[in-house]
Each structure stands twice: as C-alpha cells, then as structure tokens.
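Quick note: to get this note's numbering, add 656 to the position in the sequence shown (first position is 1).
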Amino acid sequence: MTFPRSSIRTLATRFLAGAIVFGWCSSVSAFWETIVDGSSFASTNAFTNKWAYNYPWGTDHNGSARMNASNVTISAGVVTLRSTLTNTYEGNSSKDPFLTIRYNSGTFYLRQKITINAQFPVWDISVQAKVPSATGTWPAFWMTGANSWPPESDFMEFKGSATCYQNTYNGGWQSVGSAVSSPGSAWHTYRVVANLENSTNVDFHYYIDGVMKTEQTSTTFVGSPCWLIVDYQMEGSSGSPGPNNPATFSLTNLVVKRENVSGVAGGPIANGAYKLLVRSTGQALDVGSQATANNSLLDQWPSNSGLNQQWTVTHLGSSQYSIIGRQSGRALEMPGGMTNNGARADIADYSAGSHQMWRLVATSGGYFNLVNVNSGKVLEVSNNSTTNFAPVDQWLAAISSGPQIGAPLLSDTSTILAGSGAVPGNGYSVLSSADLSVPLANWSVLGIVTGAVSGNFSFTNSITPGTPQQFFGLQLPSNGGYNQQWSFQAP
C-alpha cells in the first residue's frame, strides 16, 4: 500500500526536557587595558612620563652598584643600562649586605604601581631583552611590595651565568632556573601572566620565548601594591669580582597589560578556581598530557588533583566569563574564532577576544551550558563519548536547536525518515501517532535513532496497511545533552 504524499505529516521536533533560549547583551563591561607599551621607550620624554630613574627607595640595593640616571640611555625604542667601574671610593651600599660600592649602574621603575585584586585579576607583563651573563653581572626584571616585603616576583633574573631564574617569594622562595642561549647577543622574550585565583592566592606563570617554564602560587600579593623594576645590579649573588668592562643590558617592547573588571557585577558563579565536570560522565575538562603550549587541545579525563584540570574563572559581565588554565596560564578558547560544529577547543594566550569568552546558561541540577560568545555554540564532549581522552569540541546546543526531520521518503512497504542537526552520539526516540491531538506522552515509540558525527540521522519504519495518516516526532531522552552540561566544583 502506498500513502498519498499529501496524507503524510512530519511533526516539528518536541523536547520533553524543555527548551532553552540563548540571549545576551552584545557589550561586556570588562576590558583589557594597556598600562604601558613599547612607545614609552620612543624618547626620553616618553620614558620619563611612565618611568622613574633609580629604585623607588633610592640609589642603593643589595649589590655593589650605585644607580645613576646618566647610566640609562633611550634611543630608537631601546633602553640601555650601562655599568661602569667607579674611579673613586664611594663608601658602602646603604642596603643589606652593605657591600662596598665598586660600580655605577642604571635602574628604573614604573611610576604606576601594580595591584592584583578583584578589580584587576589578570596581569600580562613582558619584555624583550639582551642580558649580560658574565660573573658579577646581575640584571633583573621584577616586582616587589611597595609597602612591605614579601611579596616579590622575579620574571627574569641572571646571576653571573646564562641561567635565567624566575622566582616568587612568599616567606620562602619558589625558584626555577632555565638555560638561555646567547642571552647577551640575541633578543629573548621574558614574560609573566599573573592570575587572581581567589581572595588569597595569585598564580604566576613564567615564560621564556613563549614557552612556560614554571607555575608558582603566592598568598602575599592579593591587594598589595607593587613596584615594577628593571634593575642592573653588580656582584652580590652574581659572584665577585665583577668584570672591569661590564656588558650593557638592553630592553625593548616592554608591555604591561591588565584585565579591568571594576565595573562588573556578580555572575551566576563566584570568581575563583574550579574543576569543570561534564554531566554525562562525571569526568573533568582536561588539557591533554598536561600540555601548556599555545593551541594544546582539551579532552575529558577522570577527575584528579592535576593543575591541568583546574581553571580560574572570572566574570566579565552579562554572565560571560574568561576561563584560564591554572597550569598553563592560557585561556580556554575556540581557536581562530572558529564557528563550525565539531571545532576542537584548545588553550592559548589570553587576549580577551569573544572567542575566549564563555556565557554560562543554567540547565538543571547545578549544571551549566558553556556558550562560546563568538560562535554561539556550546562546549561538549565530542560524540557523547564516555571514554577517557575523548576530545572536547563545540556544537549546537542539544535542547535549544534540536534535530529536524526532512520530507519522508516513501515506498510500498516503508517510510524513511531522515534529517539533520542531531547532536553526535545522542539517541532520540522516534515517536508516532495517527492523531496529532493525542498527548505526546501517549505516542508510540518506534525505536531509537542516533546522531552521526555529521549530525545527520535516518530511520526506516514499516508502513501499517490501512493507516490513513501518520505523524512522526523525535524526543530527546531524559539525559539528552548531558555531554554539553558542566558543573563547577572546588579543586
């Protein structure tokens, strides 16, 4: 028996789980601001507008050099610090360990203090430098408390060798040394990203030439104003005696940026460090193999204490958040602003772009959809997989834009229902009724259809002779879309 095409009806998809409507304001109150950039080295006037000579406390510190403005020169975007032997006895340093002054040198500091707090939770500080490494030379790029010590964070410190030390002082030292090739003759980039984790902790991520070398955590920085200092000391911790003709210390492209959320009200969850657990498996959002490099891919993995499963979440306004990895200091994002279904999520340097912003939309039971602000699609475990190391990508939200049935294909014995827009791996019940007015709960279940990776699906149903008309529908199962729902748990 063949049904006339006019007697077949397709029913618009209904979802027992309800529908979610996604909507948000296009503007975000938070913004990324540059405090200083390479233009401050363009001329002496530009330099002195942002920077001051010597130390904030004077001309002496913990080495054998006394600082003079005349040992700092500015030319064509490069600042050069020069150390020279003294020709006369100048006494001892006024700072512990009170070494005999044997050199004159140069140091400068940023006039504006740096404060990491709830209003300015992310700071990104970097410089390109050619750094002397001979015994007795002690160049550094660092910040320290303006009102007390600790805190201290050393983004770059060379102590008479080609090893760059990156340190945090928190009442005790955390320190990692990394060998640098030709530090005095080749430009290298030294960088720190500081992230407010919660009301007491700041995570510091130290990089050399774009490679993260160490992650350190301090409890003394929150709310503590700090001086940012470029310093060319001599001897002391760098060894003695120092050279008769010390090399110069050159810097360019010094940049200080911060995220400003001072005008942002509270969001659906409090700012802080979290693990993100997917509802379908209970596994954690994980950076695979503990990678920290740009464009490292994400997966799901059984929850553990690894920092590669911990994320600092900061509200940017309008229920939008940045989500930055505690281990890498890099942001959860859709790379290159990709908008297609199935695009893999990764981590990359935080730029505050919309592809690195996520809107939290509550579902049920304390879970949220994470909607990428740029693409409008949600973060999910690909293909509804339950396996370890399953990739994490983006897809249309399962219960906001469900699958659609196309026109049925008819034969003498069967009806083929085909469509698109299904969530890969999700199972949908195929329903049928001869009477459209019958409540959905009373429709017959013909079987289950599963979305393919492409989102397409197909179901073949035998035709029942004598049936004048037949309506079809798809029903999201009770756990439909759980691979797209995430909870925020304390680490």
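Cβ coordinates follow ideal geometry from the N, Cα and C atoms, glycine included.
Kindly list the residues whose CB is nearer than 7 Å to the CB of Val920, restricted to its own chain and excluding five residues on each side of it in sequence; keep chain order. Ser685, Ala686, His971, Leu972 and Gly973
Spatial distance of Gly1129 from Asp1091 (CA atoms): 12 Å
Specify the secondary structure class of Lys869 as computed by DSSP and reduced to three states. strand
If we ignore side chains and look at the alpha-carbon of each, how far apart do Ser695 and Asp955 end up? 41 Å
Jot down the residue ranges of each uninterrupted beta strand (DSSP E) in the stretch 1103-1137, minimum 3 residues, whole runs only, in chain order. 1113-1118 and 1126-1131
Terminal residues of the continuous beta strand (DSSP E) containing Phe814? Glu808 to Phe814
Residue environment, Ser683, which counts as buried when at least 16 other CB atoms sit within 10 Å: Because Ser683 sits at a pLDDT of 46, beneath the cut-off of 50, its placement in the model cannot be relied upon, and the following sentence gives the value as read from the coordinates. Exposed: under 16 other Cβ atoms inside 10 Å.
Considering only residues of the stretch 897-932, which uninterrupted alpha helix (DSSP H) runs meet the minimum length of 4 residues and lie entirely inside it, listed in chain order? none
Quick check on the burial criterion: 16 or more other C-beta atoms within 10 angstroms. Buried or exposed for Asn964? buried
Going by beta-carbon coordinates alone, are Leu941 and Leu932 separated by less than 8 Å? yes
Which residue from Asp716, Gly1107, Thr700 and Asn900 puts its Cα closest to that of Ser645? The structure shown does not extend to residue 645, since the chain is modelled only from 657 through 1147, so no value can be given for it.
Nearest to Gly801 by alpha carbon, out of Gly895, Val969, Trp713 and Arg738? Trp713
Helix, strand or coil at Asn718 [DSSP, three-state]: coil
Have a look at Arg935 and Gln768 and give me their C-alpha separation to the nearest angstrom. 45 Å
Option nearest Ser978 by Cα separation, candidates Ala929, Ala949, Met994 and Gln946: Ala929
To test your reading of the DSSP string, which unbroken beta strand (DSSP E) runs of 3 or more residues are found completely within the stretch 959-1025? 967-973, 976-981, 987-989, 1002-1004 and 1014-1018
Give the straight-line distance between the Cα atoms of Asn857 and Phe1144, rounded to the nearest whole angstrom. 19 Å
Opposing strand residues paired with Leu755 [DSSP bridges]: Leu755 pairs with nothing; no bridge assigned.
Buried or exposed, going by whether 16 or more other CB atoms sit within 10 Å of the CB of Ile927? A small correction: the amino acid at residue 927 is Asn; Ile does not occupy that position in the sequence shown. With 16 or more Cβ atoms within 10 Å of its Cβ, Asn927 is classed as buried.
Apart from the five residues on each side of it in sequence, which residues of its chain come closer than 7 Å, Cβ to Cβ, to Gly840? Lys786, Val787, Pro788, Ser789 and Ala903
Excluding the five sequence neighbours on either side, which residues of its own chain have a C-beta within less than 8 Å of the C-beta of Ser1070, listed in chain order? Thr1116, Asn1117, Ser1118 and Ile1119
Return the CA-CA distance between Ser1007 and Ser945, expressed in angstroms with no decimal places. 24 Å
Simplified DSSP state of Gly833, which is helix, strand or coil: strand
Just to confirm my understanding: we take Val677, look at its own chain, exclude 5 residues before and 5 after, and list those with CB closer than 6 Å. What are they? In this predicted model, Val677 has a pLDDT of only 30, less than 50, meaning its place in the structure is not dependable; the value taken from the coordinates is given anyway. Within the same chain, Val677 has no close Cβ partners at all.
Quick check on the DSSP output: what are the complete beta strand (DSSP E) runs of length 3 or more inside the stretch 1025-1078, in order along the chain? 1034-1037, 1048-1051 and 1070-1076
Report the residue from Asn997, Asp865, Ser906 and Glu891 whose alpha carbon sits nearest the alpha carbon of Ala949. Asp865
Which residues in the same chain have their Cβ closer than 8 Å to the Cβ of Gly754, if we skip the five residues on either side of it in sequence? For the sequence presented, residue 754 should be read as Phe rather than Gly. Closer than 8 Å at Cβ, skipping near neighbours: Asn748.
Give the DSSP-derived three-state secondary structure of Lys706 in the structure shown. helix
DSSP three-state call for Ala1097: helix, strand or coil? helix
Would you report the Cα separation of Val1048 and Trp1142, rounded to the nearest angstrom? 12 Å
Given a threshold of 16 other Cβ atoms within 10 Å of its Cβ, counted over all protein chains shown, does Trp805 qualify as buried or as exposed? exposed
From Ala999, Arg1000, Glu989 and Ile730, residue whose alpha carbon lies closest to that of Ser1010: Glu989
Three-state secondary structure (DSSP) of Phe776: coil
Do you know offhand how far Trp1099's Cα is from Leu1087's? 6 Å
Look at the alpha carbon of Pro958 and the alpha carbon of Gln939, and state the distance between them as a whole number of angstroms. 5 Å
With 16 as the cutoff for other CB atoms within 10 Å, does Thr1123 come out buried or exposed? exposed
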